[in-house]
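Novice: Everything in the sequence shown is counted per numbering that gives the first Met the number 0, starting at 0 for the first residue and increasing by one.
Here you go, one structure.
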Amino acid sequence: MVKLSGEAFTGAAGWGTDPVSLVHLTEEILSVHELDVQVAVVLGGGNYFRGRTAAAWGIGRAEADAIGMLGTVMNALLLRGELAAHHAADVRVMTATAMPSVAEPFIRLRALRHLDHGLIVLLAGGIGQPYVTTDYAAVQRALELETDALLLAKHGVDGVYDHDPRTHPGAIRYTELSHREALARDVQVMDTTALVLAAEHHLTMHVFDAAATGAMRAICQGRDIGTRIADHETRPPLPEG
Ligand code: UDP
């Protein structure tokens, strides 16, 4: 399972979508799919709108969250379009809220069947409910689909650091953290609710730079890229070599 934050689509613009970033993300996903790894992607939407800005707009939070969720659908459709243009894999977009004219509704068993058939599954609309973000949706869907790991593609940072690397030039990147350590250190890698859910269910996560070429593929090949957050006892052994 890959979580693409909306910012991964923005490129230098910092808002909306950038065609260069879209092509890059498409190539990265296909490079994982080529390994015969089953790939599902949860889309963020913060490149368009975030529910937490509701007060600034003078609108209700639930309304704002609905707008945010619609943004994730736009990213999913853009990615589907770009993946389709590469003719490299069959793709399905599934939405948490039914939008039958543009995508399939998310049905867990159907998503699993698509993955078994080698299709790339793009999951949009979060969990379809307000007051959470797509980080939470990514953890929930990763658990529902029993994925081996959740790959968190971040914008402008290549892992989890002991201090903010943008303001602390000497900040040190963690290569590994347990869920408990991540919670105790209050790392700003994802929403706390999402991190708690991942910790409760021992979901292995990898944090890496969305802009890095080959990072997703290298993680799937067992290489140490970015930061791995996992229970010590459930960490898979690294492959030989
Ligand atoms: N959102 C929501 N429910 C969900 C997922 C997302 O209400 O299950 C809304 C929420 O307002 C969020 C916005 O959609 O801010 C966009 O998602 P997010 O901020 O997680 O995007 P990202 O930061 O990954 O780009």
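We put the beta carbon where it would ideally sit given N, CA and C, even for glycine.
Examine the ligand UDP and report whether any of its heavy atoms sits within less than 8 Å of the Cβ of THR241.
Specialist: This structure does not reach residue 241, given that the chain is present from 0 up to 240, and the question cannot be answered.
Novice: Could you tell me whether the stretch 194-209 touches the stretch 140-156, using the rule of 3 or more Cβ pairs below 8 Å?
Specialist: Touching, yes, given that three or more Cβ pairs across the two stretches are closer than 8 Å.
Novice: To the nearest angstrom, how far is it from the Cα of THR52 to the Cα of ASP64?
Specialist: Approximately 9 Å, taken between the alpha carbons.
Novice: Are the beta-carbon atoms of ARG140 and LEU111 separated by less than 9 Å?
Specialist: No, they are not a contact pair.
Novice: Excluding five sequence neighbours on each side, which residues of the same chain lie with their C-beta closer than 8 Å to the C-beta of VAL31?
Specialist: Cβ neighbours of VAL31 beyond the five flanking positions: VAL1, VAL38, MET215, ARG216 and CYS219.
Novice: How many whole angstroms separate the CB atoms of VAL90 and LEU69, which I take to be in contact at a CB cut-off of 8 Å?
Specialist: The Cβ separation is near 20 Å, so there is no contact.
Novice: As a quick exercise: from HIS162, LEU196, GLY45 and ASP147, pick the residue whose alpha carbon is nearest that of VAL186.
Specialist: Among HIS162, LEU196, GLY45 and ASP147, the Cα nearest to that of VAL186 is on HIS162.
Novice: Count the other CB atoms within 10 Å of the CB of ILE28; is the residue buried (16 or more) or exposed (fewer)?
Specialist: When all chains shown are included, ILE28 counts as buried.
Novice: In the DSSP assignment, what are the bridge partners of ILE224?
Specialist: Paired residue(s): none; ILE224 is not in a bridge.
Novice: Pull up the distance between the alpha-carbon of SER4 and that of GLY59, whole angstroms please.
Specialist: If you take the alpha carbons of SER4 and GLY59, they lie about 23 Å apart.
Novice: Is SER20 closer than 9 Å to ALA211 when the C-beta atoms are compared?
Specialist: It is not a contact, given that the beta carbons lie outside the stated cut-off.
Novice: Going by DSSP, what residues sit across from ARG172 in a beta bridge?
Specialist: DSSP, once it has assigned bridges, lists TYR160 as partnering ARG172.
Novice: Just how far apart, CA to CA, sit LEU237 and ALA55?
Specialist: In this predicted model, LEU237 has a pLDDT of only 49, less than 50, meaning its place in the structure is not dependable; the value taken from the coordinates is given anyway. Answer to the nearest angstrom: the Cα atoms are 47 Å apart.
Novice: May I ask you to check if the CB of ILE126 is nearer than 8 Å to at least one heavy atom of the ligand UDP?
Specialist: Yes - the ligand UDP has a heavy atom lying nearer than 8 Å to the Cβ of ILE126.
Novice: Please classify VAL130: is it buried, with 16 or more other beta-carbons within 10 angstroms of its beta-carbon, or exposed?
Specialist: For clarity, residue 130 is Tyr in the given sequence; the question names Val instead. Result: exposed.
Novice: Following a CB-centred definition, is PHE48 positioned closer than 8 Å to any heavy atom of the ligand UDP?
Specialist: At least one heavy atom of the ligand UDP is nearer than 8 Å to the Cβ of PHE48, so yes.
Novice: Apply the 10 Å Cβ neighbour rule to GLY225 and answer buried if 16 or more other Cβ atoms are within range, or exposed otherwise.
Specialist: That one is buried.
Novice: Which residue from LEU77, VAL40 and ASP230 puts its Cα closest to that of ARG179?
Specialist: Considering only alpha carbons, the answer is ASP230.
Novice: When you compare only the Cα positions, how much space is there between LEU76 and GLY125?
Specialist: Their backbone Cα atoms lie some 14 Å apart in a straight line.
Novice: For the putative contact between ALA61 and VAL138, defined by C-beta atoms under 8 Å, what is the C-beta separation to the nearest angstrom?
Specialist: Going by Cβ atoms, the distance from ALA61 to VAL138 rounds to 21 Å, so no, they are not a contact pair.
Novice: Look up ASP185 in the DSSP assignment and say whether it is helix, strand or coil.
Specialist: ASP185 falls in the coil class under three-state DSSP.
Novice: Thinking C-alpha only, which one of LEU24, GLN128 and LEU78 is nearest GLY50?
Specialist: Among LEU24, GLN128 and LEU78, the Cα nearest to that of GLY50 is on GLN128.
Novice: Which residue or residues does DSSP assign as beta-bridge partners of GLU103?
Specialist: According to DSSP, GLU103 bridges with MET93.
Novice: Relative to the ligand UDP, is the shortest distance from any of its heavy atoms to the C-beta of SER4 smaller than 8 Å?
Specialist: Checking the Cβ of SER4 against the ligand UDP gives yes.
Novice: How far does the beta strand (DSSP E) with VAL120 in it extend, from its first residue to its last?
Specialist: Note, VAL120: beta strand (DSSP E), 119-123.
Novice: With a CB to CB cut of under 6 Å and the five nearest residues on each side skipped, what residues in its chain are close to TYR173?
Specialist: So the qualifying residues of the chain are VAL159 and THR226.
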